[in-house]
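There are 2 protein chains.
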Amino acid sequence: MDQPIRVIAFDDNKDLRDMFRMLVDAQPDMVCVAVHPDLAQMMRDIDAAQPDVIVMDIQMPGMNGIEGVRAIKARYPAARILMQTVFDDDDKVFDAICAGACGYILKTAAVEEMTKAIRDVHSGGSAMTPAIAFKVLSRFRANEPATTAEQEYGLSDREKGVLTLLVKGRSYKMIAEELGISYHTVDSHMRKIYEKLHVHSNAEAVSKAVSKRLV
Amino acid sequence: MDQPIRVIAFDDNKDLRDMFRMLVDAQPDMVCVAVHPDLAQMMRDIDAAQPDVIVMDIQMPGMNGIEGVRAIKARYPAARILMQTVFDDDDKVFDAICAGACGYILKTAAVEEMTKAIRDVHSGGSAMTPAIAFKVLSRFRANEPATTAEQEYGLSDREKGVLTLLVKGRSYKMIAEELGISYHTVDSHMRKIYEKLHVHSNAEAVSKAVSKRLV
DNA sequence: GATTCCATCACGAGAATTCGGGATTGAACC
DNA sequence: GGTTCAATCCCGAATTCTCGTGATGGAATC
Numbered sequence: 036m037d038q039p040i041r042v043i044a045f046d047d048n049k050d051l052r053d054m055f056r057m058l059v060d061a062q063p064d065m066v067c068v069a070v071h072p073d074l075a076q077m078m079r080d081i082d083a084a085q086p087d088v089i090v091m092d093i094q095m096p097g098m099n100g101i102e103g104v105r106a107i108k109a110r111y112p113a114a115r116i117l118m119q120t121v122f123d124d125d126d127k128v129f130d131a132i133c134a135g136a137c138g139y140i141l142k143t144a145a146v147e148e149m150t151k152a153i154r155d156v157h158s159g160g161s162a163m164t165p166a167i168a169f170k171v172l173s174r175f176r177a178n179e180p181a182t183t184a185e186q187e188y189g190l191s192d193r194e195k196g197v198l199t200l201l202v203k204g205r206s207y208k209m210i211a212e213e214l215g216i217s218y219h220t221v222d223s224h225m226r227k228i229y230e231k232l233h234v235h236s237n238a239e240a241v242s243k244a245v246s247k248r249l250v
Numbered sequence: 036m037d038q039p040i041r042v043i044a045f046d047d048n049k050d051l052r053d054m055f056r057m058l059v060d061a062q063p064d065m066v067c068v069a070v071h072p073d074l075a076q077m078m079r080d081i082d083a084a085q086p087d088v089i090v091m092d093i094q095m096p097g098m099n100g101i102e103g104v105r106a107i108k109a110r111y112p113a114a115r116i117l118m119q120t121v122f123d124d125d126d127k128v129f130d131a132i133c134a135g136a137c138g139y140i141l142k143t144a145a146v147e148e149m150t151k152a153i154r155d156v157h158s159g160g161s162a163m164t165p166a167i168a169f170k171v172l173s174r175f176r177a178n179e180p181a182t183t184a185e186q187e188y189g190l191s192d193r194e195k196g197v198l199t200l201l202v203k204g205r206s207y208k209m210i211a212e213e214l215g216i217s218y219h220t221v222d223s224h225m226r227k228i229y230e231k232l233h234v235h236s237n238a239e240a241v242s243k244a245v246s247k248r249l250v
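So the sequence lines, in the order shown, correspond to chains B and V. Using my numbering, read the first sequence as starting at 36 and increasing by one per residue. Using my numbering, read the second sequence as starting at 36 and increasing by one per residue.
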């Protein structure tokens, strides 16, 4: 390895901070550049510390962990954040995911698990406990009706192109210009699209196209 | 441990099948109850084999892996399926997730990784490579209702109601009737909606409403 | 009590869409 | 060689949307 992974951590418990630093520094490919007891202090230090991975608890005093992730992401969109959680069946993990964290491990995880998670996160991946991964996949399936209801409405490529531009908010006239065809042709394609999608208006066509992920 | 984990595998390559059986049987807590060269045969054998975990390749001869998962899930909804994939950046993993598989590991994974994945899947969790996990989280974020964005746009209840009907394909006139207000009022609400959503057409408003889950 | 939203309603003009009719070309298929 | 179909184009009329420029009453906020 070329450069050690620069890790920065946040925890309100001093013993855990010291322990964390010790464990990380014991890794040949990592260096713990800082540990902080509160978020504000850590935020101030990020510029100087230039961490590759930020490790923080989802439960935090004063500010909740999700807000913390959001705050860090707002200022450092490229930050790679690994969350530690006591309960991995907490619905908060979903909020944390949406806030932009890219790893979720148990606070009780073994050292090897934690360091593996840090390495995974650092190398561009995500780390999760199997239980969290299962919840994420379940939720993912619920949100993704597209593939299950993979109804092929039989739209031609041209029709898809027209529909795509329509979804982007273009008018018939603009679509005609962008595709280099006449307004009448766009109209004609739209009629076909209405027919195939069984809709009767611009709005309904767009709605169906977006929700069924046809474009 | 009480009962060994019953594993069944599908692979079209005989050497890999034998290898797989050997590796699994070498685990103290697992037993490979069967390996099959094709899906039909495996399907017939599932009742007799009573497997806890099914391991199969996402690339399959004849039938694609996603269809295989669907077929198994259709008959055995509780089946726990671990997919093996050569490329973990393939968009097919999303299809497989939706089909119901609960693990995605690389075919080149080390033995310990594979057996850990089998154990994770067996104990009710999910297993993924960090790269796949990252892609899933990214997609997950994109799909989740934007909790922050909802407030950004600041749509009133009435505006949301109007927008909801619009998304369903209603015309202004129909919306007016359904809500018991005049056409002009609908028009007025729509203007506000355009303004708040920063869009300039019916289609774009619907598109944004659906994709940002505003309704 | 003034201000600020929200929801409601109104007129008019111009733009855009929808839908009823068509038509032609070229490629694919049997 | 005939048929089907996607893609292209056209006209005209009815309908619908968009937007400028208003107004009123009520509720909440300060």
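For each residue, glycine too, the CB sits at the ideal point set by N, CA and C.
Cut-off 7 Å between Cβ atoms - residues of its own chain near B:Met-149, not counting five sequence neighbours on either side: Counting only Cβ-Cβ distances below 7 Å, and skipping sequence neighbours, we find Ile-140.
Interface partners of V:Met-163 on chain B, CB under 7 Å: Residues of chain B passing the Cβ test: Ala-168.
8 Å contact criterion, which B:Val-104 and B:Ala-131 should meet: CB distance rounded: About 6 Å separates the Cβ atoms of B:Val-104 and B:Ala-131, confirming a contact at the 8 Å cut-off.
Nearest-angstrom Cα separation, counted from V:Val-66 out to V:Asp-60: Distance from the CA of V:Asp-60 to the CA of V:Val-66, rounded to the nearest whole angstrom, comes to 5 Å.
Under 8 Å between C-beta atoms of V:Ala-136 and V:Ile-116: In this structure, V:Ile-116 lies closer than 8 Å to V:Ala-136 by Cβ.
Collapsed DSSP secondary structure at V:His-71 in the structure displayed: If DSSP states are grouped into helix, strand and coil, V:His-71 belongs with the strands.
Under 8 Å between C-beta atoms of B:Asp-192 and B:Tyr-207: Going by C-beta atoms, B:Asp-192 is not nearer than 8 Å to B:Tyr-207.
CA-to-CA distance, B:Ala-211 to V:Leu-198, given in whole angstroms: Each residue's Cα considered, the two are about 27 Å apart.
Whole-Å CB distance - V:Leu-201 paired with V:Ala-240, under 8 Å assumed: Taking a contact as a CB-CB distance under 8 Å, the pair V:Leu-201 and V:Ala-240 counts as one, their CB atoms being some 7 Å apart.
Bridge partners - V:Asp-92, DSSP secondary structure assignment: Answer is V:Gln-119.
N-terminal and C-terminal residue of the beta strand (DSSP E) that B:Tyr-207 is part of: Here B:Tyr-207 belongs to no beta strand (DSSP E); instead the alpha helix (DSSP H) covers 207-214.
Three-state secondary structure assigned by DSSP to B:Ala-136: B:Ala-136: coil per DSSP, three-state reduction.
Own chain partners of B:Val-146 with C-beta closer than 7 Å, once the 5 adjacent residues on each side are dropped: Answer for B:Val-146: Leu-58, listed in chain order.
Chain-ordered residues of the segment 228-241 of chain B with a beta carbon less than 7 Å from chain V: The segment 228-241 of chain B vs chain V, Cβ under 7 Å: Val-234, His-235, Ser-236, Asn-237, Ala-238, Glu-239, Val-241.
Spatial neighbours of V:Ala-244 in its chain, beta-carbon cut-off 6 Å, leaving aside the 5 residues before and after: Result list for V:Ala-244: Leu-198, Val-202, Val-250, in chain order.
Reduced DSSP secondary structure (H/G/I, E/B, other) of B:Val-66: Strand at B:Val-66.
Where the beta strand (DSSP E) containing V:Val-241 begins and where it ends: Element bounds for V:Val-241: not the beta strand (DSSP E) but the alpha helix (DSSP H), 237-246.
Cα-Cα separation between B:Met-77 and B:Val-70, rounded to whole angstroms: One Cα belongs to B:Met-77, the other to B:Val-70, and the distance between them is close to 8 Å.
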